[in-house]
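Peer 1: Take this structure, written in structure tokens, and hold onto it; I'll ask about it next.
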Amino acid sequence: MTIDAADLKRMFDAIAVAIEADKDRLCQLDGVIGDADHGIAMALGFGAVRDALASLDLATTEPTTLLNMAAKSFLNAVGASSGPLYATAFMRGAAAVKGKATLAAGDVIAIVQAMAQGIKDRGKAEIGEKTMIDAWLPAAEAAAAANLAGKNLAQSLEAALAAAERGAEATKDMIAAKGRSSRLGERSLGHMDPGAASAVTVIGAMTVSLG
Ligand code: ADP
Ligand code: MG
Ligand code: MG
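At position 166 of the sequence shown (counting the first as 1) the number is 166 in full-length UniProt numbering, and the numbers step up by one without a gap.
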């Protein structure tokens, strides 16, 4: 089984639909510990990606080109901090599969790992600081471990999704140390981080679409 540009476009379409459906919940979560715009930011970003990719000739487009286009359109559309974080994620994902016309399961796992590392490098957040990293990093690690253990792509992405869900849940017990919500200090306790919540939605749509 291989993944090509058309599959990646379908994946981004699926993420856009899932984020749009989740927009209000994400704004509500951000309303509690941030500025209530996270759902709007993510919907704007993935809507722009969907629109940009619609103009591509998929038969002649390499995965790396498509992912770089996603990065650029996400960055241009989103003024919130999630803009550069996801743009870096897609740019790193693009670099991870440069020169490949089609992707094997291991390449998709490499994209997920590069995305998580890109978000970490860009935002400088560590595990436990109540950010999207608390979902993305364990998700990438779980996907890589499952792949290494001989699981197929669907199983590896399922493992990533389960780890992201656990990570997002765990942000409820964390004190925000990065981003806007860090100003709240201990008052951020008891609430799920919106960026970790949306990471679960993104990884969930990737899992359904590619798995
Ligand atoms: P803004 O805070 O600018 O309004 P968003 O609401 O779109 O941006 O995104 C907020 C989310 O961004 C947070 O819930 C958190 O998960 C994530 N975030 C903020 N700063 C960082 C960072 N330095 N590293 C990783 N993630 C971060
Ligand atoms: Mg916000
Ligand atoms: Mg904002």
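Don't be surprised by glycine CBs; every beta carbon is placed ideally from N, CA and C. Please read all numbers here as calculations on a predicted model, not as lab measurements.
Within 7 Å: the Cβ of A163 and any heavy atom of ligand 2?
Peer 2: No.
Peer 1: What ranges does the alpha helix (DSSP H) occupy inside the segment 86 to 148, keeping only unbroken runs of at least 4 residues that lie completely in it?
Peer 2: Fully enclosed alpha helix (DSSP H) runs of 4 or longer: 105 to 123 and 133 to 148.
Peer 1: Which same chain residues end up closer than 6 Å to L85 when comparing Cβ atoms and leaving out the 5 residues on each side of it in sequence?
Peer 2: Contacts found: I119, R122 and G123.
Peer 1: Measuring only the C-alpha atoms, how far is I3 from P63?
Peer 2: Roughly 9 Å between the two C-alpha positions.
Peer 1: At a cut-off of 7 Å, would you count G39 as near ligand 2, judging by its Cβ distance to the nearest heavy atom?
Peer 2: Checking every heavy atom of ligand 2 against the Cβ of G39, none is found closer than 7 Å.
Peer 1: For T207, which residues from the same chain have a beta carbon less than 8 Å from its beta carbon, with the 5 sequence-adjacent residues on both sides left out?
Peer 2: Taken in chain order, the residues that qualify are A154, L157, E158, A160 and L161.
Peer 1: Closest to L8 by C-alpha separation, out of T131, V112, I40 and N76, would be which residue?
Peer 2: Measuring from the Cα of L8, the nearest candidate turns out to be V112.
Peer 1: Cutting at 8 Å between CB atoms, please list the residues of its own chain near L137, excluding the five before and the five after it.
Peer 2: Closer than 8 Å at the Cβ level, and outside the excluded window around L137, lie A116, K120, I127 and G167.
Peer 1: Tell me whether I15 sits in a helix, a strand or coil according to DSSP, three-state version.
Peer 2: Correct three-state label for I15: helix.
Peer 1: Going by Cα to Cα distance, which pick from A142, T171, L210 and D107 is closest to E186?
Peer 2: Measuring from the Cα of E186, the nearest candidate turns out to be T171.
Peer 1: Here's a check: name, in chain order, each residue in its chain whose Cβ is nearer than 6 Å to the Cβ of K23, leaving out the five neighbours to either side.
Peer 2: These residues qualify, in order along the chain: G39 and A43.
Peer 1: Assuming A139 contacts I203 under a Cβ cut-off of 8 Å, what Cβ separation, rounded to an integer in Å, is found between them?
Peer 2: With a Cβ gap of about 5 Å, A139 and I203 count as contacting.
Peer 1: Quick one, are the C-beta atoms of A135 and A114 less than 8 Å apart?
Peer 2: No, they are not a contact pair.
Peer 1: Can you find the residues in the same chain that come closer than 6 Å, C-beta to C-beta, to A89, ignoring five residues on each side of it along the sequence?
Peer 2: Counting only Cβ-Cβ distances below 6 Å, and skipping sequence neighbours, we find M115, G118 and I119.
Peer 1: Counting only the same chain and skipping the five closest in sequence on each side, list residues whose C-beta sits under 8 Å from that of G47.
Peer 2: Around G47: A16, E20 and A77.
Peer 1: Inspect the CB distances between the segment 192 to 200 and the segment 145 to 152 and report whether three or more fall short of 8 Å.
Peer 2: With the cut-off at 8 Å, the segment 192 to 200 and the segment 145 to 152 do not touch.
Peer 1: Can you tell me whether G34 sits near ligand 2, meaning its C-beta is under 7 Å from at least one heavy atom of the ligand?
Peer 2: The answer is yes for G34.
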